[in-house]
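Chemist: Here it is, the structure in full.
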Amino acid sequence: MSAQLNLFTNSKLSFDESIQILIDSVNAIASNYDHWVFAWSGGKDSTTLVTLIMTLIDTGQIKHKPKTIDVLIADSRAELLPLQAGADQISKQLVDRGANVHKVVAEMDKRFMVYILGRGVPPPNNNTLRWCTRQIKIDPMKNKMEALFNRYGSKMLSFVGVRQGESAIRDGRIAMSCSANGTECGTGHLYESVDESISDKLMPILHFRTCVIWDWLQIYAPSKKFGNWETQLLAEAYGAYEEDDPREINARTGCNGCPLASKDVALITILKNPYWHYLKPLLNLRVIYDAMRLPKYRLRKKGGHRNKDGKLAKNQNRMGPIALKFRLEFLKQILQIQREINDHAIENNKPIIDIINSDEEARIRHLIEIGTYPNGWEGSEPMADEYFDIHGNDGTIQKSIF
Ligand code: SF4
243 MSAQLNLFTN
253 SKLSFDESIQ
263 ILIDSVNAIA
273 SNYDHWVFAW
283 SGGKDSTTLV
293 TLIMTLIDTG
303 QIKHKPKTID
313 VLIADSRAEL
323 LPLQAGADQI
333 SKQLVDRGAN
343 VHKVVAEMDK
353 RFMVYILGRG
363 VPPPNNNTLR
373 WCTRQIKIDP
383 MKNKMEALFN
393 RYGSKMLSFV
403 GVRQGESAIR
413 DGRIAMSCSA
423 NGTECGTGHL
433 YESVDESISD
443 KLMPILHFRT
453 CVIWDWLQIY
463 APSKKFGNWE
473 TQLLAEAYGA
483 YEEDDPREIN
493 ARTGCNGCPL
503 ASKDVALITI
513 LKNPYWHYLK
523 PLLNLRVIYD
533 AMRLPKYRLR
543 KKGGHRNKDG
553 KLAKNQNRMG
563 PIALKFRLEF
573 LKQILQIQRE
583 INDHAIENNK
593 PIIDIINSDE
603 EARIRHLIEI
613 GTYPNGWEGS
623 EPMADEYFDI
633 HGNDGTIQKS
643 IF
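Note that the numbering used here has the sequence shown beginning at 243, numbered continuously upward.
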C-alpha cells in the first residue's frame, strides 16, 4: 500500500518555498482580522515569526495591514540575559515599525522567586510540581489578551510561533512539550491556551525547518534589505559564537537554570562566549534549586490528614514547603549570585542581571516575616528529615522504630 502523498512527502521545502507558504496562508486568512497579536517568547521561532511578518508587510508581500499589531512578551523575571537583551533591542525596532509591544509579568506573589522564597513552594519539577510556565508566562499573556479584546471589541488573530517541521506534520504530531531540545518554553502551551472566543490562531511557520529559521535570523533578517533586525544576541543565546553553529547546538531556551531541563545547555553554551563569561555564577542557581528540594529544608505532613470530604488524603506524609529560616538563607545565596555578576557588569559596562529586584526582595522578606505558607500548610508541621510514622491512605500506620 503506498503512503498518501501530501505537500511535504516528496522533497524538502526550500527557504523560498517555506516563505511563500507563509505568505499565502497569511494573505488568505489574516486579512479578515483588524487586530493581530503575536505571542513572542524571545526565542528563535517566535522571533522569526514576528520579524518576518513585519518585513513582509513592509515589502508588500503581505497585502493586508491590520489596524493594530500587538506583540506580547512574557517577562518571566528569569530569562537568559542575552535573550532578554536581544528581545529589548528587537522590541524597539518593532515599536519603530508601528507595533505595540507589551512586556507582561506575573503579579508579584506569583513571580518565580517570590513564589519559591516568599511562599515556600519548592522549585518546579517535571512530575507533580510543574507550576512555572503557566503561572509566569501563560497567565500574564492571557490576561493581556483579554484586556486587548475588551479594548478592541472584536475577535483578534493570534500568531503563534509553533514549529514542528515537516516530519512532525507528516506524522500528524504536534507536540506541545517544553522539555525537548531546541524548543522555547511556553510557546506550545500558549497555543493550547489561547481562548478561541476572543482570538483565532494562526501558526504560519508550522512547516519551517530549523535551517530556514537560522537562514532568516543569521543571514536575511540582519541585512539592510530585510530590515536590519538585531538578531545577533539571539543567535548568541543559541550558541552562535565563532565557528559554532547554533542549529547544531540546538539549545532549549527559557529561564536561567531551568529546574526542568536535564542540563543547562543554553547557559553553558552562552558561557563559552568570553563576553558573557561573567554570568558563570548563574550555574549555581541549579545547585540551589536542587538543595531546596532536600528533606532537611522542608516540612512534611505528619500523616493522618484528611481532605475536606473527610477521606484520608492520598498522599500521606508528603513533603511540602521550604521552612522559613532556610528561605532566608537561599535568598541570601541568590542575592549574592546577583551581586557578584552585577559588580562585574558595572565595572565592565556590560548588561546587569535582575533576578530579584528591590520590590521583590522586600516582598519576599515580608512574606517570610509574616510566616507565609502554601494553602494547606501552617508551618507547625515537622521537618521532613525527622523520623516519622508512615501513614497509608487506607488508614494503616507503620510506626517509626526510632
Ligand atoms: S524555562 Fe523552565 S523554569 Fe522557566 S518557565 Fe519554562 S519550564 Fe519553567
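Cβ atoms here follow ideal geometry from the backbone N, Cα and C, with glycine treated the same way.
Could you pull the start and end residues of the beta strand (DSSP E) that G613 belongs to?
Modeler: Looking at the DSSP string, G613 is not in any beta strand (DSSP E), and its letter there is neither H nor E.
Chemist: So, using beta-carbon positions, are L475 and G360 closer together than 8 Å?
Modeler: Between L475 and G360, the C-beta spacing is not below 8 Å.
Chemist: Per the DSSP calculation, C497 is bridged to which residue(s)?
Modeler: E321
Chemist: Of the choices I564, R339, L264 and G637, whose alpha-carbon is the least far from that of Q303?
Modeler: L264
Chemist: Quick one: give me the first and last residue of the beta strand (DSSP E) that H277 is part of.
Modeler: H277 to W282
Chemist: Out of Y629, L570, H449 and P523, which has the shortest C-alpha to C-alpha gap to I358?
Modeler: L570
Chemist: If you reduce the DSSP assignment to three classes, tell me which class Q580 lands in.
Modeler: helix
Chemist: Count the CB pairs spanning the stretch 530-548 and the stretch 317-334 that are closer than 8 Å, and state whether there are at least three.
Modeler: no
Chemist: Given M296, which residues of its chain have a CB within under 8 Å of its CB, disregarding the five upstream and five downstream residues?
Modeler: Correct list, in chain order: I311, L336, R339, A341 and G469.
Chemist: Report the rounded CA-to-CA distance for N526 versus G552, giving the unit in angstroms.
Modeler: 43 Å
Chemist: Helix, strand or coil for K544? Go by DSSP, reduced to three states.
Modeler: coil
Chemist: Tell me whether P511 counts as near the ligand SF4, meaning its Cβ is closer than 7 Å to at least one heavy atom of that ligand.
Modeler: For the record, residue 511 in the displayed sequence is Thr; it is not Pro. No, the Cβ of T511 stays beyond 7 Å of every heavy atom of the ligand SF4.
Chemist: Which residues mark the beginning and the end of the alpha helix (DSSP H) in which S439 is found?
Modeler: Here S439 belongs to no alpha helix (DSSP H), and DSSP marks it neither H nor E.
Chemist: CB of T473 to nearest heavy atom of the ligand SF4: below 7 Å?
Modeler: Taken from the Cβ of T473, every heavy atom of the ligand SF4 lies 7 Å or farther away.
Chemist: Quick one, which of W373, G562 and A348 has its alpha-carbon nearest P616's?
Modeler: G562
Chemist: Use the C-beta contact count for T289: other C-beta atoms within 10 angstroms, 16 or more gives buried, fewer gives exposed.
Modeler: buried
Chemist: Below 7 Å CB to CB, which residues in the same chain sit around A463 once its five sequence neighbours on both sides are set aside?
Modeler: The answer, listed in chain order, is T293, G469, W471 and T473.
Chemist: For G499, is the classification buried or exposed, using 16 other Cβ atoms within 10 angstroms of its Cβ as the cut-off for buried?
Modeler: buried
Chemist: Would a C-beta distance cut-off of 8 Å place D266 and K309 closer than the cut-off?
Modeler: Going by beta carbons, D266 and K309 fall outside the 8 Å limit.
Chemist: Give the C-beta separation of K379 and S441 to the nearest angstrom, bearing in mind that I take them to be a contact with Cβ-Cβ under 8 Å.
Modeler: So it is not a contact: roughly 17 Å between Cβ atoms.
Chemist: Measure the Cβ-Cβ separation of V279 and A316 and say whether it is below 8 Å.
Modeler: No; because the gap between Cβ atoms is not below 8 Å, this pair is not in contact.
Chemist: Could you pull the start and end residues of the alpha helix (DSSP H) that F391 belongs to?
Modeler: D381 to Y394
Chemist: Quick one: give me the first and last residue of the alpha helix (DSSP H) that L527 is part of.
Modeler: DSSP places L527 inside the alpha helix (DSSP H), whose first and last residues are L525 to M534.
Chemist: Across the stretch 381-401 and the stretch 592-602, are there enough close Cβ pairs to call them in contact, namely three or more that are closer than 8 Å?
Modeler: no
Chemist: Based on Cα-Cα distance, which residue from Y531, N549, I530 and N557 lies nearest to R542?
Modeler: N557
Chemist: With a threshold of 7 Å on Cβ separation, who are the neighbours of H633 within its own chain once the five nearest residues in sequence on each side are excluded?
Modeler: G545, G546, Q558, N559 and I639
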